[in-house]
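Below is one structure, written out as structure tokens; the observations come after it.
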Amino acid sequence: MILLGVNIDHCATLRQARYRQAGITMGGNIEPDPVELAFRCEMAGADGITVHLREDRRHIQDQDVARLGESKTTRLNLEMACTPAMITFALKLKPHSVCLVPESREEITTEGGLDIVKNRDKVQRVTDAMNAAGIKTSLFIDPDAEQIELSAKLQAPWVELHTGSYANAYYGAGRAAEYQRLCGGAKLAHAAGLIVNAGHGINYINIAEVRTIPHLHELNIGHSIISRALFSGIDEAVSEMKRLMNA
Ligand code: PXP
């Protein structure tokens, strides 16, 4: 069975649109609460919760992550940049896993995989620190041989293959090639002993093909689930995605 990690950042984006100045300490009237949403996702069948604590704190806040970290039920996957500040934060929080992502202030959401060849030293520093602390590291990379082979050398147990290019090409001529690229990357990663996750741009339509990528362990999905939840509620949005993933 393929597992589902729900990325709840967009819930915090909505909250921050109204309450950026008020902060989370204003009491129970600040809505929507991403932690409450995380519980609802879990109740509906999500296997894990993903949040990205960005340097500019544009959506998820430190307090959100702390509350999720204290939760007895949440399997927390913390997306983070390879910075000393985030290493310290993660070692204190001890999430189940961290996912290393590129981070640029201009992008609206994460736009490309982390180039671990270019950032080898930084990535090595984080994977070493997390391995020593018993926190699993996932590397969010494009499905390219060079990136995958180095991921295995750096002893990150997981990779998350970036499905964004595939999702963008879904209605165009490049779709088959992007799909093959993901399948090839997944096979290579699996053969190198890596656990294969995938994410970005996965939705209720392309999931029919995404789920046929070999060796998938977990998919991380945010935008489409939160969007669907506006119409059908989060319980239905999560359970429907889980059903489609494993149809
Ligand atoms: N995986 C990673 C590493 C991400 O940064 C994101 C959010 O950009 C996602 C998965 C979820 O992507 P989406 O919101 O497009 O489902």
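Residue 118 in numbering that gives the first Met the number 0 sits at position 119 of the sequence shown, and the numbers go up by one each step. We put the beta carbon where it would ideally sit given N, CA and C, even for glycine.
Under three-state DSSP, which class holds residue i?
i: Cys81; result: coil
i: Glu102; result: coil
i: His51; result: strand
i: His58; result: coil
i: Glu30; result: coil
i: Ser238; result: helix
i: Gly4; result: strand
i: Val252; result: Outside the shown range of the chain, which is 0 to 246, sits residue 252, and nothing can be said about it.
i: Ser96; result: strand
i: Lys71; result: coil
i: Ile140; result: strand
i: Lys135; result: strand
i: Ile225; result: helix
i: Asn76; result: strand
i: Ile147; result: helix
i: Ile115; result: coil
i: His214; result: coil
i: Val130; result: Reading the sequence as shown, one finds Asn at residue 130 and not Val. Asn130 falls in the helix class under three-state DSSP.
Does the Cβ-Cβ distance between residue i and residue j come in under 7 Å?
i: Asn6; j: Thr73; result: no
i: Leu99; j: Leu113; result: yes
i: Leu215; j: Ala151; result: no
i: Leu218; j: Ile201; result: yes
i: His199; j: Gly171; result: no
i: Leu181; j: Ile147; result: no
i: Ile59; j: Asp120; result: no
i: Ile220; j: Arg39; result: no
i: Leu138; j: Val116; result: no
i: Gly68; j: Ser238; result: no
i: Thr126; j: Ala84; result: no
What distance in whole Å lies between the Cβ atoms of residue j and residue i, which are believed to be in contact at a cut-off of 8 Å?
i: Met247; j: Val158; result: Lying outside 0 to 246, the shown extent of the chain, residue 247 is not represented and no answer is given.
i: Glu54; j: Ala80; result: 6 Å
i: Gly4; j: Asp32; result: That belief does not hold up - the Cβ atoms of Gly4 and Asp32 are roughly 19 Å apart, past 8 Å.
i: Gly111; j: Asp141; result: 7 Å
i: Leu153; j: Val195; result: Not a contact, Cβ separation roughly 16 Å.
i: Leu36; j: Cys10; result: 5 Å
i: Ile224; j: Ala207; result: Actually they are not in contact, since the Cβ atoms of Ile224 and Ala207 sit about 16 Å apart, beyond 8 Å.
i: Arg14; j: Val34; result: Not confirmed; about 11 Å, so no contact.
i: Met244; j: Ile1; result: 5 Å
Are any of the Cβ atoms in chain B nearer than 7 Å to that of residue i?
i: Glu41; result: The structure shown has no chain B; it contains just one protein chain.
Mind the definition here: the region 78 to 90 touches the region 127 to 134 only if three or more C-beta pairs lie below 8 Å; say whether that holds.
These segments touch.
Identify every run of the beta strand (DSSP E) within the region 159 to 212, keeping only runs that are complete inside it and at least 3 residues long; order them along the chain.
194 to 198
Check whether the region 219 to 233 and the region 177 to 185 touch, using three or more Cβ-Cβ pairs below 8 Å as the test.
Verdict: no, contact absent.
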